[in-house]
Amino acid sequence: MAGAQGGIARGLGRAYGDAAIGAKQTFQISALDRVRAFDATTGLLTAEAGLSLAELIAVFLPLGFFPPVVPGTKQVTLGGAVAADVHGKNHHRDGGFGDHVESLLIATSGGELVRLSPAMDPELFLATIGGMGLTGTIVEVTLRLRRVETGWIRRQTLVARNITAALAALDAADTAQYSVAWIDTVANGADLGRSLIFQGEHASLADLDGPASRARFPVTGSRLFSVPCNLPAWTLNRWSVGAFNAAYFRSGASQARNARLMPAVSYFFPLDRIGAWNRVYGKRGLVQHQSVIPIETAPTALPEMLSLVARRGDASFLTVLKKLGPGRGLMSFPLPGYTLALDFAMKPGLLAFLDDLDRIVVAAGGRIYLAKDSRQSRATFEASYRALPRFRTAKNSLDPHGRIASRLSQRLGI
Amino acid sequence: MDKGTNGKTILVLGGTSDIGRATARHFAARGWRIQLAGRDPEALQRDADDIASRSRVAVTVHAFDVLDSTAMAPFIDGLPLLPDIVVCVVGLHGNQARAQSDLDHATAILRSNFEGPALILGLFAEHFARRGSGMIVGVTSVAGDRGRASNYVYGSAKAGFSAYLSGLRNRLAKQDIHVITVKPGFVRTRMTDGMKLPGPLTAAPEEVASAIWRAADRKSDQIYVRRIWAVIMLGIRAIPEAIFKRLSI
Numbered sequence: 001m002a003g004a005q006g007g008i009a010r011g012l013g014r015a016y017g018d019a020a021i022g023a024k025q026t027f028q029i030s031a032l033d034r035v036r037a038f039d040a041t042t043g044l045l046t047a048e049a050g051l052s053l054a055e056l057i058a059v060f061l062p063l064g065f066f067p068p069v070v071p072g073t074k075q076v077t078l079g080g081a082v083a084a085d086v087h088g089k090n091h092h093r094d095g096g097f098g099d100h101v102e103s104l105l106i107a108t109s110g111g112e113l114v115r116l117s118p119a120m121d122p123e124l125f126l127a128t129i130g131g132m133g134l135t136g137t138i139v140e141v142t143l144r145l146r147r148v149e150t151g152w153i154r155r156q157t158l159v160a161r162n163i164t165a166a167l168a169a170l171d172a173a174d175t176a177q178y179s180v181a182w183i184d185t186v187a188n189g190a191d192l193g194r195s196l197i198f199q200g201e202h203a204s205l206a207d208l209d210g211p212a213s214r215a216r217f218p219v220t221g222s223r224l225f226s227v228p229c230n231l232p233a234w235t236l237n238r239w240s241v242g243a244f245n246a247a248y249f250r251s252g253a254s255q256a257r258n259a260r261l262m263p264a265v266s267y268f269f270p271l272d273r274i275g276a277w278n279r280v281y282g283k284r285g286l287v288q289h290q291s292v293i294p295i296e297t298a299p300t301a302l303p304e305m306l307s308l309v310a311r312r313g314d315a316s317f318l319t320v321l322k323k324l325g326p327g328r329g330l331m332s333f334p335l336p337g338y339t340l341a342l343d344f345a346m347k348p349g350l351l352a353f354l355d356d357l358d359r360i361v362v363a364a365g366g367r368i369y370l371a372k373d374s375r376q377s378r379a380t381f382e383a384s385y386r387a388l389p390r391f392r393t394a395k396n397s398l399d400p401h402g403r404i405a406s407r408l409s410q411r412l413g414i
Numbered sequence: 415m416d417k418g419t420n421g422k423t424i425l426v427l428g429g430t431s432d433i434g435r436a437t438a439r440h441f442a443a444r445g446w447r448i449q450l451a452g453r454d455p456e457a458l459q460r461d462a463d464d465i466a467s468r469s470r471v472a473v474t475v476h477a478f479d480v481l482d483s484t485a486m487a488p489f490i491d492g493l494p495l496l497p498d499i500v501v502c503v504v505g506l507h508g509n510q511a512r513a514q515s516d517l518d519h520a521t522a523i524l525r526s527n528f529e530g531p532a533l534i535l536g537l538f539a540e541h542f543a544r545r546g547s548g549m550i551v552g553v554t555s556v557a558g559d560r561g562r563a564s565n566y567v568y569g570s571a572k573a574g575f576s577a578y579l580s581g582l583r584n585r586l587a588k589q590d591i592h593v594i595t596v597k598p599g600f601v602r603t604r605m606t607d608g609m610k611l612p613g614p615l616t617a618a619p620e621e622v623a624s625a626i627w628r629a630a631d632r633k634s635d636q637i638y639v640r641r642i643w644a645v646i647m648l649g650i651r652a653i654p655e656a657i658f659k660r661l662s663i
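Residue numbers (our numbering), protein chains in the order written: chain A, 1 to 414; chain B, 415 to 663.
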């Protein structure tokens, strides 16, 4: 990267790609983790941007408050959650993380502290929500926490025999606060896209029974195990993943309809319970392809993508389909549609295959999630993030000399 | 220990340091009331607000300068109450090369790491002895275990502080006042920012905090935060001086 200049803030480094790697410098902000103010009557929290959701939950869940939106891991900072405008299993109802942010304090590249809010300067505020940290370093976040009666989730499992049924089930599950589908990416033919849909609701105090009634606010889930070393590259193949998926589908289907109480942290962050899970993908690591496909085009585009994936047979067992609503920020990933997240162990030929998937996504009017991206082309990006010119104008006014730059922003020419 | 106030108070000298902050948080989360002392009341207040909103315990802030020995007695008298535990995490790493010729800088290192911490803890020892209870925790350094070319100004001050703590412990053991010597090894803090630190030997400030908590609970005399450091320093101390002087470690 000769001549590269500029830097970017980094929180807990959970972005899958190059979003939190500076063009030249990277600023670790995770020590900026102070709670500045909390109002227990309104749930309004102001905290420094390095505070992690894990800490936030440990401190505020026992008081009856939960983050309004959580991604698949709690090892993310508030700053990162705002920068990527992360979404959760409730996006269809509650929007993304950025939808619950009331104001932000950012440090511009000129060294000024600027407070941003929708009332004061909507354009700069909306550029910063989902702006991948490129408008300025997020220093403080003010957001409204959700009041919860317990730290438990009532989970219900629905079964969908194929992708059409899965989309219909996700639509029907709109009424649930949380919903997410796990998809079997190896099943093909009539079973293409067979899924388990996990709905969830915050349990009320009256819902608690059995062991759950002994701890109203369970803050931690136990760690199941750690993956001790990188597994060999051939670990994930059509047969191993196929066998796992078939067993998982059967066991999920057998529990269908029975509501089950589980600690919120176990419901939302299953991967956090497995240490170093990324080692399953071997030394070369994984590449995730997370796209969103608009509602109108999904019934044709999603089966098309899934049959390409099923033909390869090596997508991991962690494939997730979720319904999204509109995104708030200029560069926010969500749009009304369905998001499909596919994990692959890195291997020769994979990148060309993902370009094929990108073509379907772009043709369908969808886009790729920047927080997970490490490889999409500028053409894909520019064709799908339509507010890019507006974003560039906003960034320019806060960072006229382009001193804030990540590898991602360089790669995509943001 | 459970959440909710337990009525006990801990004073952290060097409250805005990373280890001080982590220690205060750790005790606050277990119901201890917190007194934060340091040079910058504004910065202390930010940390106090943080701790109070996280743990809902009382947190007070107190101006304190470890180099101002005349203000030490009034500082202790000015505390709202004499704490049950005092932890001193004050320290200045400084720059060894500069300290070799800049005597003011060398003096600042020596005084910040030895004289100041020793004097204030000695004064607390008097108060604790008079009351008949109390615990003193001094955060010193593995650098004090043997003088090395790369940081002997800092290291010798820490060696002095370690010896002082050892003597204090020896004296106060008869009066049931406990003294703990904490040697953290490498810790990822502002003090070590920019240094290349070996991962397995490097602790997070939170690890130091929970080690201090454990040591206070068990009434340990001396702890290395990561056990491996006890082994390393045993080895380093065992090297004969004739050989050691030719090494660069």
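No residue lacks a Cβ here, since even glycine has one placed at the ideal position from N, Cα and C.
DSSP, read as helix, strand or coil, puts residue 105/A in strand. Excluding residues up to 5 positions away in sequence, 556, 599 lie with their Cβ nearer than 6 Å to the Cβ of residue 643/B in the same chain. In this structure, the beta-carbon distance from residue 321/A to residue 337/A does not fall below 7 Å. Only residues of its own chain outside the window of five on either side were considered, and among them 594, 628 have a CB closer than 8 Å to the CB of residue 634/B, listed in chain order. Residue contact with chain A for residue 467/B: present (Cβ-Cβ distance below 7 Å to some residue of chain A). Every unbroken stretch of the beta strand (DSSP E) spanning 3 or more residues and falling wholly within the region 18-96 of chain A is given here in chain order: 25-28, 35-39, 44-48. The Cβ neighbour count for residue 378/A, taken over all protein chains shown within 10 Å, is under 16; the residue is labelled exposed. At a cut-off of 7 Å between beta carbons, residue 454/B makes no contact with chain A.
Among the residues facing chain B, residue 34/A is included, as its CB has a counterpart in that chain under 7 Å away. Leaving aside the five residues that flank residue 354/A on each side, the residues in its chain whose CB is nearer than 6 Å to its CB run, in chain order, 289. Residue 305/A: member of the alpha helix (DSSP H) spanning 298-312, first to last residue.
The alpha helix (DSSP H) runs lying completely inside the region 468-515 of chain B and spanning 4 residues or more are 486-492, 510-513, given in chain order. Fewer than three beta-carbon pairs drawn from the region 406-414 of chain A and the region 442-461 of chain B are found closer than 8 Å, and the two stretches are therefore not classed as touching. When the Cα atoms are used, residue 455/B and residue 565/B turn out to be separated by approximately 30 Å.
By the neighbour-count criterion, in which a residue is buried when 16 or more other Cβ atoms sit within 10 angstroms of its Cβ, residue 596/B is buried.
The beta carbon of residue 35/A sits closer than 6 Å to those of 47, all from its chain and outside the five residues before and after it, given in chain order. Against chain B, the CB of residue 344/A has no partner CB under 7 Å away; the residue lies outside that interface.
At a cut-off of 7 Å between beta-carbon atoms, residue 38/A makes contact with chain B. Rounded to the nearest whole angstrom, the C-alpha separation of residue 201/A and residue 260/A is 11 Å. Of the candidates 513/B, 424/B, 552/B, the residue whose Cα lies closest to the Cα of residue 563/B is 513/B.
Less than 7 Å divides the Cβ of residue 150/A from the Cβ of residue 216/A. For residue 460/B, at least one C-beta of chain A is nearer than 7 Å to its own C-beta.
For the C-beta of residue 59/A, the chain B residues within less than 7 Å are, from N- to C-terminus, 468. In the structure shown, the three-state DSSP call for residue 572/B is helix. By DSSP's assignment, residue 597/B forms a beta bridge with 638/B. DSSP links residue 140/A through a beta bridge to 48/A, 105/A.
Excluding five sequence positions before and after residue 4/A, the CB atoms of its chain that fall closer than 6 Å to its own CB belong to 23, 24, given in chain order. For the pair residue 98/A and residue 328/A, the CB atoms are nearer than the 7 Å cut-off. Assignment of residue 272/A by DSSP, reduced to helix, strand and coil, places it in the helix class. Assignment of residue 191/A by DSSP, reduced to helix, strand and coil, places it in the helix class. Shortest Cα-Cα distance from residue 578/B to any of 499/B, 471/B, 539/B, 479/B involves 539/B. Judged by beta-carbon spacing, residue 219/A lies within the 7 Å limit of residue 61/A, meaning their Cβ atoms are closer than that value. For residue 553/B and residue 616/B, the gap between their C-alpha atoms comes out near 16 Å.
Within the region 526-583 of chain B, the complete beta strand (DSSP E) runs of at least 3 residues fall at 549-553.
Here residue 429/B really is in contact with residue 461/B; their C-beta atoms are around 6 Å apart, less than 8 Å. Closest in alpha carbon position to residue 225/A, among 252/A, 199/A, 50/A, 279/A, is 279/A.
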